[in-house]
Amino acid sequence: MRHSGRRTILRTMLAAGGAGLTAACATPPPRRFAAVDRLVDRAIAAGQTPGAVVVVAHGGMVVHHRAYGHRALQPHAEPMDEATVFDMASLTKPVMTSVAVMQFFEAGAFRLDDPVCRYLPDFARNGKTSITIRHLLTHYSGLPPDLDLSTPWQGKAEAVRRVMDTRPDHPAGERFVYSDINFITLGLLVEHLSHQNLAQYEHTNVLSPLGMTRSRFLPPPSWYPTIAPTQFDEHGVMLRGIVHDPTARRMGGVAGHAGLFSDAADMTVYAQALLDRRAGRPSAFPLKPETLLLMTTPQQPPGKDDWRGLGWDIRTHYSSPRGDVFPIGSFGHTGFTGTSLWMDPTSDSFVLILTNRVHPSGGHSVVRLRHDVATEAARALQMP
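Heads up: the sequence shown begins at 1 in full-length UniProt numbering, then just goes up one per residue.
What follows is the structure in structure tokens.
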């Protein structure tokens, strides 16, 4: 458990205090999570990802944590460690944007079934008057998956114009279509209601209350040596500390759908704080228990088979990080760069998997790895 010369998850948890986490002081059975370790090691050997950090927690204790492989292969090899900062990609959606939106919900600034155009009038263009805030949060808006990137454009103002001009592909509430435009719009809603830049609002109202000092949009250059690089951009430059998502990059690195950078320790604190607050235990999480219950239970339109909470995935084709053992009713999310977090309030457990599977040139799928790690972690926890 000792890792000289670098910040470890264990040390961070002990310093986090009020987050409700403790490290397992008694060393767990040494081979309890051997199946998890084998899965990650095999994925690295097969070239599916250069490295990973995995954390398993249960009952308020971190019961397994390990860094595997390398965080960088190019321009030269660097070993992975638990202090590595990752581009969290679409984990930004539930971890940051949804929390900010629901803080304004708690304050009575809107109702979930209010039309978005009541607050962002230009959003009404091209047949979007019936899209509600709930539709955006559950991905039932009918909007296309992303802004068009086939032609060159740059800047947040241009992105905003394109969002407002977007025409739905389907009627609101008809079907589940995962869309970055939904959460770009929600980020704009937060900025409208707060009169602040999204990054500033999230820092003050989400990250700071939780003590997440190694999480932020637009990480400074001083962080770059500890950040896991992703891949070469269109100009042949390795992205390191610059958001991987091309739409967020064109927007300047801050957007409601992507842009958060974080490490395993901060995400561990976040996940346990969420579970603690949801269960009514002492927690620094900046939402009420009833709000978190709303966010993490099905909120999709009646009769629909794709189950989504408000920002969180519950049962869709994106739910592979649940594995075969965690029950329906657990919830989580993934990120394109290779990140995932899945939480089970029933057993008070979570599995965090952080990879930069797109490094160095696009990478391979870690969908199966997420599924299998969650399955073996749950089995190791002796869940039914």
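Backbone N, C-alpha and C define an ideal beta-carbon position, used for all residues, glycine too.
Cα atoms of residue 245 and residue 152: separation of roughly 15 Å, rounded to the nearest angstrom. Within the same chain, and ignoring the five residues on either side of residue 293 in sequence, the residues whose Cβ sits closer than 8 Å to its Cβ are 278. Within the same chain, Cβ atoms closer than 7 Å to the Cβ of residue 313 are found at 319, 331, 332, 333, the five residues on either side in sequence being excluded.
By the Cβ rule, the segment 142 to 159 does not count as touching the segment 209 to 219, because fewer than three pairs are nearer than 8 Å.
As the crow flies, the alpha-carbon of residue 57 is around 41 Å from that of residue 130. Taking a cut-off of 8 Å for Cβ pairs, the segment 216 to 236 and the segment 342 to 361 touch, as three or more such pairs fall below it. Fewer than three Cβ pairs drawn from the segment 364 to 381 and the segment 74 to 90 lie within less than 8 Å of each other, which leaves the two stretches out of contact. The beta carbon of residue 73 sits closer than 7 Å to the beta carbons of 50, 359, 360 from its chain, once the five residues preceding and following it are set aside; these are given in chain order. For the options 137, 60, 263, the alpha carbon positioned closest to that of residue 301 is the one of 137. The bridge partners DSSP lists for residue 354 are 53, 339. Annotation for residue 98: 137, 295, 310, 311 place their beta carbon closer than 7 Å to its own, counting only its chain and skipping 5 residues before and after.
Residue 38 is classed as exposed because its beta carbon has fewer than 16 other beta carbons within 10 Å across all chains shown. Counting along the chain, the unbroken alpha helix (DSSP H) around residue 367 starts and ends at 367 to 380. Residue burial annotation: residue 34 is exposed, with fewer than 16 other C-beta atoms found within 10 angstroms of its C-beta.
When rounded, the separation of the alpha-carbon atoms in residue 207 and residue 192 is 20 Å.
For the pair residue 87 and residue 243, the Cα-to-Cα distance works out to about 7 Å. For the set 170, 254, 106, 261, the Cα lying nearest the Cα of residue 160 is the one of 254. Annotation: the continuous alpha helix (DSSP H) that includes residue 99 extends over 98 to 106. With a minimum length of 3 residues, the unbroken runs of beta strand (DSSP E) contained wholly in the segment 277 to 335 fall at 313 to 315, 331 to 335. Residue 264 is positioned such that its CB atom lies closer than 7 Å to that of residue 55. For the options 184, 329, 110, 100, the alpha carbon positioned closest to that of residue 205 is the one of 100. In this chain, the alpha helix (DSSP H) harbouring residue 183 covers 180 to 194. Here residue 328 is exposed. Its C-beta has fewer than 16 other C-beta atoms within 10 Å. Around the C-beta of residue 185, 16 or more other C-beta atoms lie within 10 Å, and the residue is accordingly described as buried.
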